[in-house]
Structures are given as structure tokens and as C-alpha cells.
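Residue numbers (the working numbering): 50 to 498.
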Ligand SMILES: Nc1ncnc2c1ncn2[C@@H]1O[C@H](COP(=O)(O)OP(=O)(O)OP(=O)(O)O)[C@@H](O)[C@H]1O
Ligand SMILES: [Mg+2]
């Protein structure tokens, strides 16, 4: 006996009886002799499968089928009919029935179709579960991180993506923190997800070309404008326009963009025709835009237009607990794209990587793992494999003065000691310090003589 439940709906007691005989050993059964009774059971009990007579005394079986499917789409329904009537069979399948059987039924045939229907139900339940699980593990496509800061960012992404209004989104954060990824996640979760996501990089496009890039131009607008050309605004209509490195947008273009944000209209270069657009704007910057406004380098009115929904991405060094997860994620990405066996980090290696501050944030970590994946021997990545990174971390520009001085002292004392074959009295004289001071330094600086 498995736990699946079947509701049998048929007005003929004889038919209910024969279903009972065949199925009672293996399933839990409920019975109803008409549509109203069927709905009652359906509301009160969990039903996996319904065997539904197409000719009911009080209702058209197909209407009931539709009703049941609407209230509980996961429940499977097998239609039962006295005649093999192709047209109603087809309609039943279209309305979502799993299959169609005729009375009198063959026992084996009934058992097999019931089994298949319940298997599909189970599979679908598993798919729903796996999807939910995937959402839980990886709430946003390709974005990992369980730190409180990233959870807050994920929450914001969901809320902002649902917002219907015209409000723009401003994503700020250091280089490599995932600003573009966030912009894509917002678009993919919004109602515009089947419309284009268009990227304009204000850093990559010279100010003189930015106008054509955004607005497009009409034929003859300037020498070389041989035909009409759409701009990014036109391409992004009904979708999302991602304005990357917005801080670098030329001040004239800032005014032009402001108008598009306010009026939702623009004209192509060389054209008087007003074009209306419906665009969700997402801007990104690795500078503090508010500060640029104070310095007069960014228009205040544009800043407020863009900053309706601000999202701040924390630098990686402020959420180091995300590092192990990011390491695993990028390892598996590399394994997939290289087709090599999987690799893993030793605990000490992970610790070393967590000690590093990652000034280039997630992008630096991603590139680092990619290189390590290729150069490291075997399937385990050890601390010594990640040492070059630690060395980079202690380059002079990152050191405190105290440490730089200690390094210099150590090397200099070593060299002097070496030159006098380790005679401390001689060395102290050369260095201009007392012999006891030299001994203390040798101990403090852990100089091996
Ligand atoms: N939370 C994350 N999970 C997984 N990958 C991430 C995450 N954040 C960033 N990345 C990856 O790091 C890289 C840099 O991300 P992205 O390009 O979005 O950063 P950015 O903030 O736009 O950087 P820049 O300011 O330099 O343009 C990308 O390859 C991205 O896929
Ligand atoms: Mg970017």
C-alpha cells in the first residue's frame, strides 16, 4: 500500500465497486457519486489522482475537470467514459487530463495508467521542490553569498524588481563587487524580463559619440550618417537600460538624459520627431555620486532622479564569510568550463584567502581562482599554492611603516653580521649600537644567524 490517494467519481455503484476491487489493495480511495460530492471531498482531503466519469448526473465531467485543475493544478485526472468518443477525449486532454479510459476497463490497463499518472505527479512534486531548493541555495542566478550584507542586497533586488513605477535604480559599489550582476538580476526578476537588457558603458564611449550611442540618429544628421540608426534608448524600449559608470557621463549628456528620465521622450540626432519610450533605468558607479554632486561634477537633479532606489554593494573585505562560498562557486565554474576533475582548497588555503583584503573584490577573486585552477597540481589546492597572493598582500605599499622598518633592519643587520662572520661585537661597532642592543634586536627580529 502506498500513501497515494485516489478519488473515484462515478454515479454507477457497480463501477465504483469494480474500481474499489482493483485499487483498494494499493491506494487510499475516496468515492463520490456526483460532481457536488466530488468537490466536497476535494476540498477536505488531499487527493493525488481523480478518476472522473465524463457523464455525471449533475454536471458535465469536463466542466468539473476544468474546475478541479484550476483549484489544484498538481492533481492528476483520468477521464472515464462509457464510449470511446474521440472529441471529448481530445478536449479532456486539452483541459489537462492525464489520460482517458473507457468502461468496461481492463484491470491491467487501469493499474498501469493509474501508476503512470501517480509517477508523473510525484516527479512534478520533486521538480517543484528542487526548484525551491535551488532558489534557496542560489537565490539569484549566479550570485552567491550568505552574509547579512548580501542577504540584504538580495532582498532589495526582489523588492526593486517588483516595483512597477518609473523609479530608477542606482547601484553603487567598488570595482568588481557585482554591480552589473545585480542589474541583470533585477531585470531578470522584473516583468520586463522578456524584453531587452541593454548596456551602455559611459566609460568606454567618448563623449562625442555618446549622443548617437544613446539617441541614435537619422539619415543625413551629419556627414557619415548614411542611414537611420537606432540608439540604445530605442533598443531598450519596454526593457531595461543599464548605464554603467554613470559618473563618467559628460555634463551635457547628463542634461539630455535627465530629460529622458523626466519626460520619457527624446529626439534622434538630426530629427524633430519626438519618440516616446518606456524604459527601466539602472545606473551604476564605483564612485560616490553624492560626493561628485557636492564637488559640482555630477548634476544634482540627475542624481536624485537616478537614486530613487539606491543599492549599495559592500566590498568583499567587509563580508569575508562569503569567501569560502565564492571559492567553491568559482572552482565549480572552472571545472565545468575546463572539463577537468574537480579541485578543492585545504582549510589553511581558505584561511589564507580569507586573510587577504581583495581590493579588486569578487572579480579579483574570480580571476585568482581561475589561474589557480590551471596552475595548481593535483586536485587539492594548498596554502603554498595561494602564497603568491599573500606575498602580493605584503608588498611594500600595503605595509605599515613599522613593518617596513623592521624588514629593512632585519636585512641590514643580517648583511653586516654576514660581513664580519657573525662576530657580534664587530657588527655592533659598524652599526653604531651597543652589543646588548644588537642581541635584543636579533631576538626581536627573529634573525637567524
Ligand atoms: N555575489 C557574486 N557571486 C558570484 N559572482 C559574482 C558575485 N559578485 C560578482 N561576481 C562576479 O564578479 C565579476 C565582477 O562582477 P561585475 O562585473 O558585476 O562587477 P562590477 O561591480 O560591475 O565591476 P566594475 O565596477 O569593475 O565594472 C563578474 O564576473 C561577476 O560574475
Ligand atoms: Mg561593471
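Glycine included, C-beta positions come from ideal geometry on N, C-alpha and C.
* Rank 492, 158, 300 by C-alpha distance to the C-alpha of residue 342 and give the top, closest one. => Within the chain shown, the letter at position 293 stands for residue 342. That would be 300, whose Cα lies nearest to the Cα of residue 342.
* Validate contact between the region 231 to 239 and the region 260 to 270 using beta carbons, cut 8 Å, 3 pairs -> no
* Asked: Would the C-beta of residue 333 count as close to ligand 2, meaning under 7 Å from any of its heavy atoms?
  -> On the chain shown, residue 333 is found 284 positions in, with the first residue counted as 1. Distances taken from the Cβ of residue 333 to the heavy atoms of ligand 2 include one shorter than 7 Å.
* Asked: Does the beta-carbon of residue 62 have 16 or more other beta-carbons within 10 angstroms, so that it is buried, or is it exposed?
  -> Here residue 62 refers to the residue found at position 13 of the chain shown. It is exposed - the Cβ of residue 62 has fewer than 16 other Cβ atoms within 10 Å.
* Buried or exposed: which applies to residue 109, given that a residue is buried once 16 or more other Cβ atoms fall within 10 Å of its Cβ? -> Indexing the chain shown from 1 puts residue 109 at position 60. Residue 109 is exposed by the Cβ-count criterion.
* Length-filtered (4 minimum) alpha helix (DSSP H) runs lying within the region 460 to 487 -> 473 to 480
* beta-carbon residue 367 near ligand 2 non-hydrogen atom, thresh 7 Å -> As a position in the chain shown, residue 367 is number 318, starting the count at 1. No, ligand 2 has no heavy atom inside 7 Å of this Cβ.
* Between the CA atoms of residue 330 and residue 288 - distance to the nearest angstrom -> As a first step, residue 288 is located in the chain shown; it is residue number 239 there, counting from the start. As a first step, residue 330 is located in the chain shown; it is residue number 281 there, counting from the start. Cα to Cα, the separation comes out at about 9 Å.
* What's the C-alpha gap between residue 420 and residue 381? -> Taking the first residue of the chain shown as position 1, residue 420 is located at position 371. Taking the first residue of the chain shown as position 1, residue 381 is located at position 332. Approximately 14 Å, taken between the alpha carbons.
* To do: Give every residue of the same chain whose Cβ lies closer than 8 Å to the Cβ of residue 445, excluding the five residues on either side of it in the sequence, and list them in chain order.
  => The residue labelled residue 445 in the question sits at position 396 within the chain shown. Unreliable placement is indicated for residue 445, whose pLDDT of 49 sits below 50; the coordinate value is still reported in the next sentence. Result list for residue 445: 453, in chain order.
* Are the beta-carbon atoms of residue 228 and residue 310 separated by less than 8 Å? -> Taking the first residue of the chain shown as 1, we reach residue 228 at position 179. Taking the first residue of the chain shown as 1, we reach residue 310 at position 261. It is not a contact, given that the beta carbons lie outside the stated cut-off.
* What is the rounded straight-line gap between the Cα of residue 107 and the Cα of residue 83? -> As a working mapping, residue 107 is identified with position 58 in the chain shown. As a working mapping, residue 83 is identified with position 34 in the chain shown. Residue 107 and residue 83: Cα-Cα distance of roughly 6 Å.
* Who are the Cβ neighbours of residue 159 in its own chain at under 7 Å, not counting the five residues just before and after it? -> Along the chain shown, one-based indexing puts residue 159 at 110. Excluding positions up to five away in sequence, the list reads 71, 150.
* To do: Please find out if some non-hydrogen atom of ligand 1 comes closer than 7 Å to the beta-carbon of residue 403.
  => Residue numbering aside, residue 403 sits at position 354 when the chain shown is read from its first letter. No, Cβ of residue 403 sits at least 7 Å from all heavy atoms of ligand 1.
* Indicate, with yes or no, if ligand 4 has a heavy atom lying under 7 Å from the CB of residue 223. => Questions concerning ligand 4 fall outside what the structure shown contains, since the ligands it does hold are ligand 1 and ligand 2.
* Asked: Under a Cβ-count criterion, where at least 16 other Cβ atoms within 10 Å of its own Cβ denotes burial, should residue 308 be classed as buried or exposed?
  -> The count along the chain shown starts at 1 and reaches residue 308 at position 259. So residue 308 ends up on the exposed side.
* Asked: Can you tell which of 429, 449, 424, 428 has its C-alpha closest to the C-alpha of residue 506?
  -> Shown here, the chain extends from 50 to 498; a query on residue 506 therefore has no answer.
* Flag this pair as yes or no: are the beta carbons of residue 296 and residue 336 separated by less than 8 Å? => As a position in the chain shown, residue 296 is number 247, starting the count at 1. As a position in the chain shown, residue 336 is number 287, starting the count at 1. Yes, the pair counts as a contact, with Cβ atoms nearer than the cut-off.
* Counting only the same chain and skipping the five closest in sequence on each side, list residues whose C-beta sits under 6 Å from that of residue 302. => If you number the chain shown from 1, residue 302 lands on position 253. So the list reads 259, once near-sequence residues are dropped.
* Asked: Alpha carbon to alpha carbon, how far is residue 135 from residue 285?
  -> Counting from 1 along the chain shown, the entry for residue 135 is found at position 86. Counting from 1 along the chain shown, the entry for residue 285 is found at position 236. Approximately 48 Å between the Cα atoms of the pair.
* **Those residues which DSSP pairs with residue 118 across a bridge** => If you number the chain shown from 1, residue 118 lands on position 69. Residue 118 pairs with nothing; no bridge assigned.
* Nearest-angstrom Cα separation, counted from residue 177 out to residue 156 -> If you number the chain shown from 1, residue 156 lands on position 107. If you number the chain shown from 1, residue 177 lands on position 128. For residue 156 and residue 177, the distance between alpha carbons rounds to 32 Å.
* Asked: Do the CB positions of residue 355 and residue 210 come within less than 8 Å of each other?
  -> Mapped onto the chain shown, residue 355 falls at position 306. Mapped onto the chain shown, residue 210 falls at position 161. In this structure, residue 355 keeps its C-beta atom at 8 Å or more from the C-beta atom of residue 210.
* To do: Give me the Cβ distance between residue 401 and residue 432, rounded to the nearest whole Å; I'm assuming they're in contact under 8 Å.
  => On the chain shown, position 352 is the one that residue 401 refers to. On the chain shown, position 383 is the one that residue 432 refers to. Sure, about 5 Å apart at Cβ, within 8 Å.
* If residue 472 and residue 488 are in contact, beta carbons under 8 Å, what's the gap, nearest whole angstrom? -> Position 423 of the chain shown, counted from the start, is the residue given in the question as residue 472. Position 439 of the chain shown, counted from the start, is the residue given in the question as residue 488. The pair is not a contact, with the Cβ atoms about 13 Å apart (cut-off 8 Å).
* To do: Tell me whether the beta-carbon of residue 99 lies closer than 8 Å to the beta-carbon of residue 56.
  => In the chain shown, the residue the question calls residue 99 occupies position 50. In the chain shown, the residue the question calls residue 56 occupies position 7. Yes, they are a contact pair.
* Asked: Hey, is residue 329 close to ligand 2, as in C-beta under 7 Å from one of its heavy atoms?
  -> Along the chain shown, read from residue 1 onward, the residue named residue 329 stands at position 280. No - ligand 2 has no heavy atom lying nearer than 7 Å to the Cβ of residue 329.
* To do: Return yes when at least one heavy atom of ligand 1 lies under 7 Å from the C-beta of residue 227, else no.
  => Against the chain shown, residue 227 aligns to sequence position 178. Checking the Cβ of residue 227 against ligand 1 gives yes.
* **residue 384 vs residue 198 beta-carbon contact at 8 Å** => Locating residue 384 in the chain shown gives position 335, where the first residue counts as 1. Locating residue 198 in the chain shown gives position 149, where the first residue counts as 1. In this structure, residue 198 does not lie closer than 8 Å to residue 384 by Cβ.
* Would the beta-carbon of residue 191 be found less than 7 Å away from any heavy atom of ligand 1? -> Mapped onto the chain shown, residue 191 falls at position 142. Answer for residue 191: yes, Cβ within range of ligand 1.
* Determine the closest residue to residue 332 out of 376, 248, 123, with distance taken between C-alpha atoms. => Within the chain shown, residue 332 is the residue found at index 283, counting from 1. Here the closest residue by C-alpha is 248.
* Asked: For residue 266, which option in 318, 465, 464 has the closest C-alpha, if you only look at C-alpha atoms?
  -> For the purposes of this step, residue 266 is taken as residue 217 along the chain shown, with counting starting at 1. Cα-wise, what sits closest to residue 266 is 318.
* If we call anything under 8 Å between Cβ atoms a contact, is residue 290 one with residue 281? -> As a working note, residue 290 is residue 241 in the chain shown. As a working note, residue 281 is residue 232 in the chain shown. Yes; because the gap between Cβ atoms is below 8 Å, this pair is in contact.
* To do: State buried or exposed for residue 370, treating a residue as buried only when at least 16 other CB atoms are found within 10 Å of its CB.
  => As a working mapping, residue 370 is identified with position 321 in the chain shown. Counting Cβ neighbours within 10 Å, residue 370 comes out exposed, since fewer than 16 surround it.
* Check whether the Cβ of residue 377 lies closer than 7 Å to any heavy atom of ligand 2, and answer yes or no. => Numbered from its first residue, the chain shown carries residue 377 at position 328. It does not: the Cβ of residue 377 is nowhere closer than 7 Å to a heavy atom of ligand 2.
* What residue from 375, 131, 429, 389 has the CA that sits closest to residue 60's CA? -> Along the chain shown, one-based indexing puts residue 60 at 11. Selected option, being the one with the closest Cα: 131.
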